[in-house]
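Structure first, commentary second.
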Amino acid sequence: MARALIIGCGGVGSVAIQKCCQNSEVFEEICIASRTRAKCDELKAKLEKTTKTKITTAKVDANQVDELVALINRVKPDIVMNLALPYQDLTIMEACLATKTHYMDTANYEPEDTAHFEYSWQWAYRNAFEKAGITALLGSGFDPGVTSVFAAYALKHHFDEIDTIDILDCNGGDHGYPFATNFNPEINIREVSARGKYWENGAWVETDPMEIKRVYDFPEVGVKDMYLMHHEEIESLALNIPGVKRIRFFMTFGQSYLTHLKCLENVGMTSIEPIEFQGQQIVPLQFLKAVLPDPASLGPRTKGKTNIGCIFTGRKDGKEKTYYIYNVCDHEESYKEVGSQAISYTTGVPAMIGAMMVVTGTWQKPGVYTMEEFDPDPFMAELPKWGLPWVECFAPKLVD
Ligand code: NDP
1 MARALIIGCG
11 GVGSVAIQKC
21 CQNSEVFEEI
31 CIASRTRAKC
41 DELKAKLEKT
51 TKTKITTAKV
61 DANQVDELVA
71 LINRVKPDIV
81 MNLALPYQDL
91 TIMEACLATK
101 THYMDTANYE
111 PEDTAHFEYS
121 WQWAYRNAFE
131 KAGITALLGS
141 GFDPGVTSVF
151 AAYALKHHFD
161 EIDTIDILDC
171 NGGDHGYPFA
181 TNFNPEINIR
191 EVSARGKYWE
201 NGAWVETDPM
211 EIKRVYDFPE
221 VGVKDMYLMH
231 HEEIESLALN
241 IPGVKRIRFF
251 MTFGQSYLTH
261 LKCLENVGMT
271 SIEPIEFQGQ
281 QIVPLQFLKA
291 VLPDPASLGP
301 RTKGKTNIGC
311 IFTGRKDGKE
321 KTYYIYNVCD
331 HEESYKEVGS
341 QAISYTTGVP
351 AMIGAMMVVT
361 GTWQKPGVYT
371 MEEFDPDPFM
381 AELPKWGLPW
391 VECFAPKLVD
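385 is the number that the numbering used here gives to position 385 of the sequence shown; each next residue is one higher, with no gaps.
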């Protein structure tokens, strides 16, 4: 039925690729393209005996619009799935525009030399995508992604008005290393060392990194410390959930992770300012990434579960209500199925489902959209089929 060009073959990409291959009825053909073609070829060799999906591979530098346009013209995909890094969002969107091809990604654009992310750069493409008659689906991972769909679903089925949204991202997994990150270390450390930010009464409130801490007893995981962070879906949900008064995002971190991070920050290892080292310029954070464990290698070592979801407060039929929607994903089960830990799994599955929504026409609308702007029901119906069942229940609200 559809042909997808998948750019990036790392932790998230390899799960999404395997999920497309499980869904051959929709994804009849995929081309896996990345900077390191050997990784694409290796995955192709592993998968082609197990799937009806026809797989090809290519090498591409996704920072180069010309290379991308040439590849898209050769492959002629129905959609480009951007599973590379946030730095490549704009070049890939440019190439999609030039070739009138649908686009999706899992993380919003971030310039490589500034640790700052926001939607404005990608929202600037709204008119151009609309005129070209193509859809850009932004942030089709778990958070952003599934959490945004949970918000649209809560509003459609459970609330007349939503007052507050607390997004809770808990990784209860243990990989046995004193310090490692669960997805691309450079992107992860840029995100967690940034200042915190949340949305309240129509304005942003800024905090120091890790300044606000809460303790939460996560179903199937247990009691964890979690810290308020800025996260991209706050920005789009603040626009798209009418009347919402406060949106916060919390992520759990263990004490060992925080102690290591503080120490690395204090010695300058998380800096993105280039320095001179033995006659060449290096970026300390990129050097740190090179010495940290590759997130892909955590798969066989990680035990435990993730629990990611949202607590909503508001009113239905004049009554105050608090409602919780979440997914629990088991690291070892994920590894057994696709050879990756649950962080890549919980991102790769919605990436495939988002692309499926677009290529089947279920979520096709010319322009640039985030996930909560579409009907949540068809997406929610697919989640359990592809390994991410959700739970919804009444729950106590989180402490203010
Ligand atoms: P990885 O580093 O594991 O993979 C990135 C892939 O992109 C690699 O295959 C890499 O190639 C490729 N790549 C990087 N630069 C280029 C380039 N210039 N041209 C072509 N290919 C390139 O990252 P993850 O899989 O962990 O993360 C992928 C994305 O998912 C990120 O944007 C991340 O922010 C996002 N994410 C979103 C989440 C969500 O819930 N929404 C959660 C987790 C991640 P090479 O192999 O050569 O390095």
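Cβ coordinates follow ideal geometry from the N, Cα and C atoms, glycine included.
Taking DSSP as the reference, what is the three-state secondary structure of residue i?
i	result
serine 24	coil
glycine 348	helix
glutamine 280	strand
cysteine 310	strand
isoleucine 187	helix
arginine 35	coil
isoleucine 134	coil
alanine 84	coil
tryptophan 121	helix
asparagine 266	helix
tyrosine 153	helix
lysine 385	helix
isoleucine 459	Look at the range of the chain in this structure, 1 to 400, and you will see that residue 459 is not part of it.
lysine 336	helix
cysteine 170	strand
threonine 413	Any question about residue 413 goes unanswered here, given that the chain covers just 1 to 400.
tyrosine 257	helix
isoleucine 275	strand
glycine 361	coil
threonine 114	coil
valine 146	helix
lysine 303	strand
Under 7 Å between the Cβ atoms of residue i and residue j?
i	j	result
serine 140	threonine 91	no
asparagine 327	phenylalanine 218	no
lysine 224	threonine 259	no
glutamate 28	methionine 1	yes
glycine 13	leucine 68	no
lysine 100	alanine 132	yes
alanine 95	valine 60	no
isoleucine 79	histidine 116	no
cysteine 456	isoleucine 165	Residue 456 lies beyond the stretch modelled for the chain, which goes from 1 to 400, so this question has no answer here.
cysteine 21	leucine 5	no
isoleucine 353	glutamate 382	yes
tyrosine 335	glycine 299	yes
valine 368	alanine 136	yes
phenylalanine 159	proline 295	no
isoleucine 272	leucine 292	no
methionine 371	serine 148	yes
proline 366	glutamate 130	yes
valine 75	serine 340	no
alanine 70	isoleucine 7	no
glutamate 161	glycine 314	yes
glycine 176	histidine 331	no
glutamate 220	lysine 305	yes
methionine 357	tyrosine 153	no
lysine 197	glutamate 191	no
proline 178	serine 256	yes
Using the DSSP secondary-structure output, state which residues sit across from residue i in a beta bridge.
i	result
tryptophan 199	Trp204 and Ile247
aspartate 102	Going by the sequence as given, residue 102 is histidine instead of aspartate. Per DSSP, Ile79.
aspartate 217	Val223
alanine 45	The partner list for alanine 45 (beta bridge, DSSP) is empty, contrary to what the question assumes.
tyrosine 326	Gly309 and Val391
alanine 4	Ile30 and Ile79
proline 58	Residue identity check: residue 58 is alanine in the sequence provided, not proline. BP columns for alanine 58 point to Ala33.
leucine 228	Phe250
glycine 176	Its beta-bridge partners do not exist; DSSP assigns none.
threonine 370	Leu138
Buried or exposed for residue i, going by 16 or more other Cβ atoms inside 10 Å?
i	result
asparagine 108	buried
glutamate 235	buried
serine 120	exposed
lysine 321	buried
serine 297	exposed
asparagine 171	buried
arginine 195	exposed
cysteine 9	buried
isoleucine 282	exposed
lysine 44	buried
threonine 114	exposed
glutamine 18	buried
proline 350	buried
isoleucine 275	exposed
glycine 348	buried
aspartate 208	exposed
glycine 268	exposed
cysteine 263	exposed
glycine 11	buried
Is residue i a contact residue of the ligand MG, with contact defined as CB to any heavy atom under 6 Å?
i	result
threonine 36	Looking at this structure, you won't find the ligand MG anywhere; what it does contain is the ligand NDP.
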